[in-house]
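*Asks:* The listed protein sequences correspond, in order, to chains A and B. Under the numbering used here, think of the first position of the first sequence as 686, with each following residue one higher. Under the numbering used here, think of the first position of the second sequence as -9, with each following residue one higher. Every residue gets a Cβ at the ideal spot worked out from N, C-alpha and C, and that includes glycine.
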Amino acid sequence: MTHSTDLARVRAVPEAVPLASVNGHRGLAHEEPLLFERDNPGAVGVDLPPAPKVTPRLGTVARRGPIGLPSLSEPDVVRHYTRLSRQNAAIDTNTYPLGSCTMKHNPRLNERLARLPGLAGLHPLQPVSTVQGALELIEEVARWLRELTGIPVVAMSPGAGAHGELCGMMTIRAALDACGDAARRRVLVPESAHGTNPATAAMCGFTIDPVPDDGTGRVDLAAFVAKLGPDVAAVMITNPNTCGLYETDIAELGRKVHAAGGYLYCDGANFNAIVGRVRPGDLGIDCMHLNLHKTFSTPHGGGGPGAGPVVLSAALAEFAPLPWIVADGEGLRLVEHAGDAAARGHHPIGRLKGFHGQMGMFVRALAYMLSHGGDGLRQVSGDAVLSANYVRAALMDRMTVAFPGTCMHECLFDDRFLAGTGVTTLDFAKAMIDEGIHPMTMYFPLIVHGAFLVEPTETESKAALDELIAVMADLADAAKAGDTARFTEAPRHAPRRRLDETTAARRPVLRWTPPADTAQAAE
Amino acid sequence: MRYLPLTDADRAAMLARIGAPSVDALFDAIPAGQRFAGTFDLPDHQGELAVERRIAAYARGNIAAGDVPSFLGAGAYRHHVPAAVDHLIQRGEFLTAYTPYQPEISQGTLQALFEFQTQVALLTGMEVANASMYDGANACAEAVLMARRVTGRNRAVLSGNLHPHWRDAVVTLARWLDFEIVVLPPEPAGGEDLVAAVDSGTACIVVQNPDAFGHLADLSPLAEACHAAGALLVGAVTEVVSLGAVESPGEMGADIVVAEGQGLGNALMFGGPYLGLFATRQKFVRQMPGRVAGQTVDTDGRRGFVLTLSTREQHIRREKATSNICTNSGLCAMAFSIHLALLGEQGLTGLAALNHVTAIRTADRLAALPGVRVLPRAFFNEFALRLPRPSAPVVERLAGQGVLAGVPGARLWPERPELADILLVAATEVTTDEDIEALAGGLAEALA
């Protein structure tokens, strides 16, 4: 295979290249100082007209001292951020198979449309008569989400997936309070769940009762049923789950939970695997958040912004957060206040966010859904699952799969294949960096030892998948062959080698301070 | 389909490798009764042109604050964003990266966040800041929960002049945590006595500056009262540009400063995505919610950056985490940071001065109208007017004439009929003399 030959040739290059150069740069790899170290007093990156001289009306609190911001011209700022950008891995540059995160292609049409002046220039508190198009757009996004999930109501305002979880669990808490059920405070959460699930339930005043899996990566129905009781408020399930497996018993679990008087919350982070094929509403799910930045491809942006609309069953609908959109006489309007909601027989949990939700993400998600259509979304889940199973099948002889059987949109390996090699999952991940591929998710889910969670998504070509497979296979072979230096020394070909995270946490330096201050502090 | 690279030949080859007869067969783990057998009421896939036409039609169904004289503020402000900002945040290396879990290949995002945190700390007069939250209202709610963790006390007091949406976000987040939130009544004339609200059971006082009616106040006496009682002062800022002209809450003694950062680098976008700024003192850093970037060194001794203090966070601490937050507002934070880098000290103070002067001009012009009163004596770029009649119909009428006159009191405080004649008016560097005349002329007519 030419790829392996290439790898061998690359590694044959002597490593005697000195780190230092006159200016710290090497070829296209530029070292970049902090903005504050580029400070060039007198420079400025904007030209503003001078403010007319008038007596200020700032009372007694006019700013007296300087803020301490650096001065840069536009060319310096553009160069600074352009250089920084080149120190980032991104989907645009290569496969980014980060399990549970759904790193799929971000269509550029969506970026263009989110910037249309008729959308980007809207103030959230304009009279609703002037924003009918915007409200109609949000309604269309909501209609797609209702149709795809088969659940009748959607709350659009949560700012991200965890915020959506909070919204959903709060509606459950509100529903229990409304019927005076003060006994139900326990929430059952599988041990394989995202950390946000227990953290969210705790923020709603619930206690968390973790439930182990059945040994094959799925929920243990019997274990759940045994824990059900009059104090159980809800069960939080991720489906497909964080092991990349479909929860076969979910409908049965839902029936049991409902029979016991509790609610079924579904973490929809992995909806990408089943979109267009399964409607969560058909499974008895009471509420589920949707990460628009996962399934519906709004860009992750290095850590947000996201958007986390929540679908709610009829039983929970009256507790949906403010605001929401209603059709009223001549057009659409917003229900923004508790009084207005009460007049409609609703009992909202309250307001979660400043305004109406992540409009910029709604536009992108709608462009994505319209581009794919109902037919394309079914193809999305098909190709996502096909790609994950292809990677799984190609690597299962060299690595150790955590659980038997086909997977959904992500495949999970454990670290048994590294036993005795001295190489850890972390080392393996860092060695992938040297091969130019962003590593998979490591050490999650927690129930699998040394987990490798690989989610290729549907937007990788077969050639890209083959490259991923070749790299991981070659690394697995190298680890077993005893080439540990390739792992423990990795990464060698990244902007930085391994970073000291222990010191970073023990003695946190969270901001730049002027050198004079640093010197003083040292004295 | 343009976003799906696999061809039928690819799929056939992949299925052969897997040993499955079809893609549908890969879904066999899903019981037949759980698979959707019906037809979705959704259109089939479409090309770029068709999608663009469809969404452009929605955009045409609005009057954009960006296109007409607009005096809307109340937590979201129209500013000119330099072209370089949007160009840089659309670089794919920033746009299409995830949260920087692999720091060696995420130094771009991490260094930018470290710089952002430094800028936020400087602006707010605090020692440290996190890497952003969903928005200002959410940051405010998280600050109140943090004050509870720090003080171990179970009551927070919110100024009556805190933005009602921020107030509501706090109340919602605290609702099931056995945490009393005392909400004081709004005082449009200013002069609220918050010192009287502090006692030995108070976890924190939350005060906005400038407040929801535009009043600027010296928070120092309140900070002293809080500290004397062992409570924290949370300073809230809904218009971050004000910090170019006004002493920051941190400089006046606040312990936590939260702000809406939209005013720098980010479009109005009908309310989101925005970014919450969150800053505090170094001694409280381990109680701070949210992601944070920190400086360290690599094995070659070179400076680098990592996400740090993750033992506070949900993926490690699960139900004992400081917050359930995972995603923040990374790209919005970067836009904020780039705009502020372009402005620098001189640009930000100049921009703030322009805003203030424009607001003074607007206030003076409107105060000349019969029956119209400007409430705050000291303000930044926004002020409450009292009109001689309810403001909402006036705003509606002016909107019909293509002027967005401001935010009516009834939109924010519908439960308070005594605020129905309040109109919140904001002016920024974008506001022209013609805009001011259009507003003044329209108001004069509507009030005649």
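1. Are any of the Cβ atoms in chain A nearer than 8 Å to that of residue 144 of chain B?
2. With distances taken Cα to Cα, identify the nearest neighbour of residue 993 of chain A among A:987, A:999 and A:1006.
3. Check whether the Cβ atoms of residue 337 of chain B and residue 733 of chain A sit closer than 8 Å, and answer yes or no.
4. Using the C-alpha atoms, what's the distance from residue 831 of chain A back to residue 1026 of chain A?
5. Could you tell me the distance, in whole angstroms, from the CA atom of residue 207 of chain B to the CA atom of residue 199 of chain B?
6. For residue 30 of chain B versus residue 1059 of chain A, is the C-beta spacing smaller than 8 Å?
7. Do residue 301 of chain B and residue 847 of chain A have their CB atoms nearer than 8 Å?
8. Would you kindly work out how many angstroms separate the C-alpha atoms of residue 882 of chain A and residue 996 of chain A, rounded to a whole number?
9. Looking at the strands, I want to know which residues DSSP matches up with residue 773 of chain A.
10. In the segment 414 to 437 of chain B, which residues sit with their C-beta less than 8 Å from some C-beta in chain A, listed in chain order?
11. If distances are taken between C-alpha atoms only, which option among B:319, B:279 and B:141 comes closest to residue 216 of chain B?
12. Shorter than 8 Å from the beta carbon of residue 721 of chain A to some beta carbon of chain D?
13. With a 10 Å radius around its C-beta and 16 neighbouring C-beta atoms as the bar for buried, classify residue 1082 of chain A as buried or exposed.
14. On the criterion of 16 or more Cβ atoms from any shown chain inside 10 Å, does residue 1119 of chain A qualify as buried, or is it exposed?
15. Would the beta-carbon of residue 13 of chain B fall within 8 Å of that of residue 255 of chain B?
16. Closer than 8 Å by C-beta to residue 870 of chain A: which residues in its own chain qualify, once you throw out the five before and the five after it? Chain order, please.
17. Residue 1123 of chain A touches chain B at which residues, Cβ-Cβ below 7 Å?
18. In terms of residue numbering, what span does the alpha helix (DSSP H) encompassing residue 280 of chain B cover?
19. What is the DSSP secondary structure of residue 692 of chain A, reduced to helix, strand or coil?
20. In the DSSP output, what is residue 948 of chain A paired with across the bridge?
21. Compute the Euclidean distance between the alpha carbons of residue 1187 of chain A and residue 299 of chain B, then round it to the nearest angstrom.
22. Between residue 86 of chain B and chain A, is any beta-carbon pair separated by less than 8 Å?
23. Under 8 Å, Cβ to Cβ, is there at least one residue of chain A near residue 412 of chain B?
24. Would you say the segment 1039 to 1048 of chain A touches the segment 1063 to 1070 of chain A, given that touching needs at least three Cβ pairs under 8 Å?
25. Check this for me: beta carbons of residue 272 of chain B and residue 110 of chain B, under 8 Å apart or not?
26. Output needed for residue 692 of chain A: all residues of its chain with C-beta closer than 7 Å, excluding positions within five of it in sequence on either side, in chain order.
27. Looking at the unbroken alpha helix (DSSP H) that takes in residue 1013 of chain A, where does it start and where does it end?
28. How far does the beta strand (DSSP E) with residue 974 of chain A in it extend, from its first residue to its last?
29. Residue 864 of chain A versus chain B: which residues are under 9 Å apart at the beta carbon?
30. Tell me, please, whether the segment 852 to 867 of chain A touches the segment 953 to 972 of chain A by the rule of three or more beta-carbon pairs shorter than 8 Å.
31. On a Cα-Cα basis, can you pick out the residue from B:321, B:253, B:175 and B:180 that is closest to residue 405 of chain B?
32. For the segment 749 to 763 of chain A, which residues have a CB atom closer than 9 Å to at least one CB atom of chain B, in sequence order?
33. Return the first residue and the last residue of the beta strand (DSSP E) that residue 193 of chain B is part of.
34. Quick one: which chain B residues come within Cβ less than 7 Å of residue 791 of chain A?
35. Quick check: residue 1251 of chain A and residue 926 of chain A, are their CB atoms within less than 8 Å of each other?
36. On the criterion of 16 or more Cβ atoms from any shown chain inside 10 Å, does residue 1011 of chain A qualify as buried, or is it exposed?
*Replies:* According to the structure data:
1. Indexing the second sequence from 1 puts residue 144 of chain B at position 154. Cβ-Cβ to chain A under 8 Å: no for residue 144 of chain B.
2. Along the first sequence, one-based indexing puts residue 993 of chain A at 308. For residue 993 of chain A, the closest C-alpha among the options A:987, A:999 and A:1006 is that of A:1006.
3. In the second sequence, residue 337 of chain B corresponds to position 347, counting from 1. In the first sequence, residue 733 of chain A corresponds to position 48, counting from 1. Yes; because the gap between Cβ atoms is below 8 Å, this pair is in contact.
4. The residue labelled residue 1026 of chain A in the question sits at position 341 within the first sequence. The residue labelled residue 831 of chain A in the question sits at position 146 within the first sequence. If I take the Cα positions, the gap works out to 21 Å.
5. Position 217 of the second sequence, counted from the start, is the residue given in the question as residue 207 of chain B. Position 209 of the second sequence, counted from the start, is the residue given in the question as residue 199 of chain B. The C-alpha of residue 199 of chain B is placed about 7 Å away from the C-alpha of residue 207 of chain B.
6. Position 40 of the second sequence, counted from the start, is the residue given in the question as residue 30 of chain B. Position 374 of the first sequence, counted from the start, is the residue given in the question as residue 1059 of chain A. A Cβ-Cβ contact shorter than 8 Å links residue 30 of chain B with residue 1059 of chain A.
7. For the purposes of this step, residue 301 of chain B is taken as the residue at position 311 of the second sequence. For the purposes of this step, residue 847 of chain A is taken as the residue at position 162 of the first sequence. Remark: C-beta atoms of residue 301 of chain B and residue 847 of chain A do not approach each other more closely than 8 Å.
8. By one-based count along the first sequence, residue 882 of chain A stands at place 197. By one-based count along the first sequence, residue 996 of chain A stands at place 311. Straight through space, the alpha carbons of residue 996 of chain A and residue 882 of chain A are spaced by roughly 17 Å.
9. For the purposes of this step, residue 773 of chain A is taken as residue 88 along the first sequence, with counting starting at 1. Beta-bridge pairing by DSSP links residue 773 of chain A to B:96.
10. Going along the segment 414 to 437 of chain B in chain order, one finds 419 with a Cβ nearer than 8 Å to chain A.
11. If you number the second sequence from 1, residue 216 of chain B lands on position 226. For residue 216 of chain B, the nearest C-alpha among the options comes from B:141.
12. Annotation note: the requested chain D is absent from the structure, which comprises protein chains A and B.
13. Translated into positions along the first sequence, residue 1082 of chain A becomes position 397. Residue 1082 of chain A counts as exposed, since fewer than 16 other beta carbons sit within 10 angstroms of its beta carbon.
14. By 1-based counting over the first sequence, the position of residue 1119 of chain A is 434. Around the beta carbon of residue 1119 of chain A, 16 or more other beta carbons lie within 10 angstroms, which makes this residue buried.
15. Along the second sequence, one-based indexing puts residue 13 of chain B at 23. Along the second sequence, one-based indexing puts residue 255 of chain B at 265. Not in contact: residue 13 of chain B and residue 255 of chain B (Cβ atoms no closer than 8 Å).
16. Taking the first sequence and counting its residues from 1, the one referred to as residue 870 of chain A is at position 185. Once the five neighbours on either side are set aside, the close Cβ partners of residue 870 of chain A are 890, 891, 892, 916 and 918.
17. Here residue 1123 of chain A refers to the residue found at position 438 of the first sequence. Here the neighbours are 92 and 95.
18. Against the second sequence, residue 280 of chain B aligns to sequence position 290. It is not in any alpha helix (DSSP H) - residue 280 of chain B carries neither H nor E in the DSSP assignment.
19. The residue labelled residue 692 of chain A in the question sits at position 7 within the first sequence. In this prediction, residue 692 of chain A has a pLDDT of 45, which is less than 50 and means its spatial position is unreliable; nothing more can be read from the coordinates.
20. Numbered from 1 along the first sequence, position 263 holds the residue referred to as residue 948 of chain A. Paired residues: A:919.
21. Start at 1 with the first residue of the first sequence, and residue 1187 of chain A comes out as number 502. Start at 1 with the first residue of the second sequence, and residue 299 of chain B comes out as number 309. Cα atoms of residue 1187 of chain A and residue 299 of chain B: separation of roughly 10 Å, rounded to the nearest angstrom.
22. Residue mapping note: residue 86 of chain B aligns to position 96 of the second sequence, counting from 1. At least one C-beta of chain A is nearer than 8 Å to the C-beta of residue 86 of chain B.
23. Your numbering for residue 412 of chain B matches position 422 in the second sequence. With a threshold of 8 Å between beta carbons, residue 412 of chain B makes no contact with chain A.
24. No, the segment 1039 to 1048 of chain A does not touch the segment 1063 to 1070 of chain A.
25. Here residue 272 of chain B is taken as the residue at index 282 of the second sequence, counted from 1. Here residue 110 of chain B is taken as the residue at index 120 of the second sequence, counted from 1. Not in contact: residue 272 of chain B and residue 110 of chain B (Cβ atoms no closer than 8 Å).
26. Residue 692 of chain A sits at position 7 when you count from the first residue of the first sequence. Reliability of the predicted coordinates at residue 692 of chain A is poor, the pLDDT of 45 falling under 50, and no value is obtained from them.
27. If you number the first sequence from 1, residue 1013 of chain A lands on position 328. From DSSP, residue 1013 of chain A is part of no alpha helix (DSSP H) but of the beta strand (DSSP E) over 1009 to 1013.
28. For the purposes of this step, residue 974 of chain A is taken as the residue at position 289 of the first sequence. Element bounds for residue 974 of chain A: 972 to 974.
29. The residue you call residue 864 of chain A lines up with position 179 of the first sequence. Ordered by position in chain B, no residue passes the 9 Å Cβ test against residue 864 of chain A, which lies about 16 Å from the chain.
30. The segment 852 to 867 of chain A, when compared against the segment 953 to 972 of chain A, does touch it at the 8 Å Cβ threshold.
31. The count along the second sequence starts at 1 and reaches residue 405 of chain B at position 415. Nearest to residue 405 of chain B by C-alpha distance, out of B:321, B:253, B:175 and B:180, is B:175.
32. Those residues of the segment 749 to 763 of chain A placed with their C-beta closer than 9 Å to a C-beta in chain B are 749, 750, 751, 752, 753, 754, 755, 756, 757, 758, 759, 761, 762 and 763, ordered along the chain.
33. Residue numbering aside, residue 193 of chain B sits at position 203 when the second sequence is read from its first letter. Note, residue 193 of chain B: beta strand (DSSP E), 192 to 198.
34. Working through the first sequence from its first residue, we reach residue 791 of chain A at position 106. Neighbours of residue 791 of chain A on chain B, chain order: 85 and 86.
35. There is simply no residue 1251 of chain A to check, as chain A begins at 686 and stops at 1208 in what is shown.
36. Along the first sequence, read from residue 1 onward, the residue named residue 1011 of chain A stands at position 326. Result: exposed.
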